[in-house]
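Inspection log for the structure reproduced underneath, given as structure tokens.
Chains as they are written, first to last, in the working numbering: chain A, 1 to 318; chain B, 319 to 636.
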């Protein structure tokens, strides 16, 4: 693999770097879900992470890796929400500043969080092209350091720390499952798991309506996600070169799930576990509901990626 | 106090009796809520308890206290919901049977839970008179053991185990706050706290629209709650003789809060802590929002009583 790819020692270094800032999130169990899904499930609750999502781990690792001069210049990114809030808070905690390009259709609660952390915001059209061109303008004008939401080894290493904590806490797992959008969480998880517990499989779960990672893995080439329509608003982006390279080598497989299953899984978790997860976080449970992976009786780790959702707009309410 | 009142050793015995069945629920913290409410808050998450509410503790203690002959006769009660589910599951786990009288206006999700645990259900009008007369008929016909939702020393001792765990886990607290309906949780909490940590205050929080406990404490006589209209559907009942006697002696005070504050507090907890609590569980946070108690900078334990709510009918959606 490319030297740009993160390895286990990068994930371990990230864990040390973010320790003073990030929550060591709890691993919850739920006998009702074990029974319904037919496996021994261990839920790593990144919905309880700072900014309400695993994204804080990567952003915090990236920002705390910067030099004094870079911190002074400040950081910038484009993001549909959770990475935006994560970078904004990380910059604030490190005494730096952030400028975030946000697609206009991002959930209100995510926009409000970014504002709350004191970042500058520029809105753009909800396409990858518009996001990238708007960010390029910001970077050229302000000389900030670009922190990509997922195609960055520091981000990937940071995201991998969630799986590292999960394995440390519950020991041997047969499978670890995570949602996949741009692939930052899944590639970081793949590195942490494949190098520290080689017999454990890593499975990504993706919306059928945004199945670019599945198609990319099938074809061996990055397949872009073009204007995908899914309730999982954190999983709209396409894989990057780095995340794709890692997934090809280290991820056991990617499964796709329907929109109905995502809503059903999300509601099941709210009702049975009494915790708030966002649609994107429900993907692994949706895959288990659809029996997309054969995990019967196995010890399965599930990463709940985040809990940021507009409570005025719940998907089961018409 | 009457010998019927539970004491710390009863709470400790209950803790041992229910240990094989009940969850030792986590104590969560939330820096955002600490900041908003101006205190150091420790949230005992009984919304994660079996059946989604602290009520399992009392019901389980009551059922596991029965003789073989009593278990064979089975148990019965009236309840607006959480005690119903708790008694149904406790009876099932102990190899007994349960018959529950439920007011017709109880939330659908709570009715479904009772059915799921295999109990027999009889519906009645939503008044205390109808509940008691319907239950009397069941008891006369079937010879079951009545397990009152709160006015029972075994129930009170069981509910006190939540506060016992809270104190064991986080050490000295200045205040412990709990909601008050019939007073089972608050009186059990008062016993556990006053006997094991005498300098810690215990404060009950009650809907202004169902302020019978507040009025009872003021007047020195039990004041009934007559057809109260509050979103806190677990707090509709009046104090019982036992719970009132305990509260008079051991509870530091009861504060009342508005319906708007209950909804605001509930939503705040969902948004910031990413956990699902039911309206009744939001009472202490509502009291803190209204600054009904002076706890500035203090270490405050809050018992989140339950998390059972119909996700189709959220109070902030018109």
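For every residue, glycine included, the Cβ atom is placed at its ideal position computed from N, Cα and C.
* Note down, one range per segment and in chain order, each alpha helix (DSSP H) of at least 4 residues found wholly within the stretch 69-114 of chain A. => 82-93
* Asked: Among B:441, B:572, B:542 and B:582, which one has its Cα closest to the Cα of residue 519 of chain B?
  -> Here residue 519 of chain B refers to the residue found at position 201 when the second chain is read from its first residue. Closest by alpha carbon: B:572.
* To do: Would you identify the three-state DSSP class for residue 613 of chain B, choosing helix, strand or coil?
  => Numbered from 1 along the second chain, position 295 holds the residue referred to as residue 613 of chain B. DSSP places residue 613 of chain B in coil when its eight states are reduced to three.
* Asked: Which residues, in chain order, does the stretch 351-368 of chain B contribute to contact with chain A at a C-beta distance below 9 angstroms?
  -> 363, 365, 366 and 368
* Pull up the DSSP beta-bridge partners for residue 442 of chain B, would you. => Numbered from its first residue, the second chain carries residue 442 of chain B at position 124. Looking at the DSSP assignment, residue 442 of chain B forms a beta bridge with B:421.
* To do: Select from A:299, A:8, A:317 and A:10 the residue whose C-alpha is nearest the C-alpha of residue 173 of chain A.
  => Here residue 173 of chain A refers to the residue found at position 173 when the first chain is read from its first residue. Looking at the Cα atoms, A:299 is the closest of the given residues.
* Taking the C-alpha atoms as reference points, what is the distance between residue 265 of chain A and residue 283 of chain A? -> Start at 1 with the first residue of the first chain, and residue 265 of chain A comes out as number 265. Start at 1 with the first residue of the first chain, and residue 283 of chain A comes out as number 283. In a straight line, the C-alpha of residue 265 of chain A is about 8 angstroms away from that of residue 283 of chain A.
* **Cross-chain neighbours of residue 248 of chain A in chain B, by beta carbon under 9 angstroms** => On the first chain, position 248 is the one that residue 248 of chain A refers to. Within 9 angstroms Cβ-Cβ: nothing; residue 248 of chain A doesn't reach chain B, min ~33 angstroms.
* Compile a chain-ordered list of the residues in the stretch 262-273 of chain A whose CB is closer than 7 angstroms to at least one CB of chain B. => 267, 270 and 271
* To do: Take the Cβ of residue 270 of chain A as the centre, count every other Cβ of all protein chains shown within 10 Å, and call the residue buried at 16 or more, exposed below.
  => The residue given as residue 270 of chain A occupies position 270 in the first chain. Classification for residue 270 of chain A: buried.
* Asked: In chain order, which alpha helix (DSSP H) runs of at least 4 residues are fully inside the stretch 6-32 of chain A?
  -> 8-18
* What span of residues does the beta strand (DSSP E) with residue 524 of chain B cover, start to end? -> Reading the second chain from its first residue, position 206 is the one you call residue 524 of chain B. 519-525 is the extent of the beta strand (DSSP E) around residue 524 of chain B.
* Give me the Cα-Cα distance between residue 218 of chain A and residue 151 of chain A, rounded to the nearest whole angstrom. => Residue mapping note: residue 218 of chain A aligns to position 218 of the first chain, counting from 1. Residue mapping note: residue 151 of chain A aligns to position 151 of the first chain, counting from 1. Taking the straight line joining both Cα atoms gives about 20 angstroms.
* Asked: Any idea what DSSP makes of residue 378 of chain B, helix, strand or coil?
  -> Numbered from its first residue, the second chain carries residue 378 of chain B at position 60. Residue 378 of chain B falls in the helix class under three-state DSSP.
* Minimum Cβ-Cβ distance from residue 629 of chain B to chain A less than 9 angstroms -> The count along the second chain starts at 1 and reaches residue 629 of chain B at position 311. Answer yes: the Cβ-Cβ gap between residue 629 of chain B and chain A drops below 9 angstroms somewhere.
* Asked: Where are the alpha helix (DSSP H) runs, 4 residues long or more, that stay fully inside the stretch 271-315 of chain A, in chain order?
  -> 283-289
* Asked: If contact means a Cβ-Cβ distance below 8 angstroms, which residues of the stretch 487-506 of chain B contact chain A?
  -> none
* Burial state of residue 83 of chain A (16 or more Cβ within 10 Å) -> Indexing the first chain from 1 puts residue 83 of chain A at position 83. Classification for residue 83 of chain A: buried.
* To do: List the residues of chain A whose Cβ lies closer than 8 angstroms to the Cβ of residue 593 of chain B, in chain order.
  => In the second chain, residue 593 of chain B corresponds to position 275, counting from 1. Within chain A, the residues near residue 593 of chain B are 274, 275 and 276.
* With a Cβ-Cβ cutoff of 9 angstroms, do residue 263 of chain A and residue 179 of chain A count as a contact? -> Mapped onto the first chain, residue 263 of chain A falls at position 263. Mapped onto the first chain, residue 179 of chain A falls at position 179. Cβ distance not < 9 angstroms, so residue 263 of chain A and residue 179 of chain A don't count as in contact.
* C-beta neighbour in chain B for residue 307 of chain A, strict 9 angstroms -> Stepping through the first chain from its first residue, residue 307 of chain A is reached at position 307. Yes - at least one Cβ of chain B is within 9 angstroms of the one on residue 307 of chain A.
* Grouping DSSP H, G and I as helix and E and B as strand, with all else coil, what is residue 564 of chain B? -> The sequence position of residue 564 of chain B within the second chain is 246, counting from 1. Here residue 564 of chain B sits in helix by DSSP.
* Where are the beta strand (DSSP E) runs, 3 residues long or more, that stay fully inside the stretch 443-502 of chain B, in chain order? -> 493-497
* Asked: In chain order, what residues of the same chain have a beta carbon less than 8 angstroms from the beta carbon of residue 145 of chain A, not counting five sequence neighbours either side?
  -> Here residue 145 of chain A corresponds to residue number 145 of the first chain, with the count starting at 1. Correct list, in chain order: 66, 70, 73, 74, 75 and 76.
* Asked: How about the stretch 528-548 of chain B and the stretch 557-568 of chain B: do they share at least three Cβ pairs that are nearer than 8 angstroms?
  -> yes
* **Cβ contact check for the stretch 344-352 of chain B and the stretch 442-454 of chain B: 3 or more pairs under 8 angstroms** => no
* Count the other C-beta atoms from every protein chain shown that fall within 10 angstroms of the C-beta of residue 636 of chain B, then say buried if there are 16 or more, exposed otherwise. => Position 318 of the second chain, counting from 1, holds the residue named residue 636 of chain B. Looking at its Cβ environment, which holds fewer than 16 other Cβ atoms inside 10 Å, residue 636 of chain B is exposed.
* Asked: Using the rule of at least 16 other Cβ atoms within 10 Å of the residue's Cβ for burial, across every protein chain shown, is residue 319 of chain B buried or exposed?
  -> Here residue 319 of chain B corresponds to residue number 1 of the second chain, with the count starting at 1. Interpretation of residue 319 of chain B is limited by its pLDDT of 44, a score under 50 that renders its predicted location unreliable; no figure is taken from the coordinates.
* Can you tell me whether DSSP reads residue 262 of chain A as helix, strand or coil? -> Taking the first chain and counting its residues from 1, one reaches residue 262 of chain A at position 262. In the structure shown, residue 262 of chain A sits in a helix (DSSP, three-state: H, G or I).
* Expected contact under 8 angstroms - CB spacing of residue 279 of chain A and residue 232 of chain A to nearest Å -> Here residue 279 of chain A refers to the residue found at position 279 of the first chain. Here residue 232 of chain A refers to the residue found at position 232 of the first chain. The pair is a contact, with the Cβ atoms about 5 angstroms apart (cut-off 8 angstroms).
* Asked: Between the Cα of residue 559 of chain B and the Cα atoms of B:541, B:552, B:576 and B:570, which residue gives the shortest distance?
  -> Indexing the second chain from 1 puts residue 559 of chain B at position 241. Closest by alpha carbon: B:541.
* Pull up the DSSP beta-bridge partners for residue 363 of chain B, would you. => Position 45 of the second chain, counted from the start, is the residue given in the question as residue 363 of chain B. BP columns for residue 363 of chain B point to B:622.
* To do: Can you have a look at residue 433 of chain B and say buried or exposed, based on whether 16 or more other CB atoms are within 10 angstroms of its CB?
  => Counting from one through the second chain, the residue named residue 433 of chain B turns up at place 115. That one is exposed.
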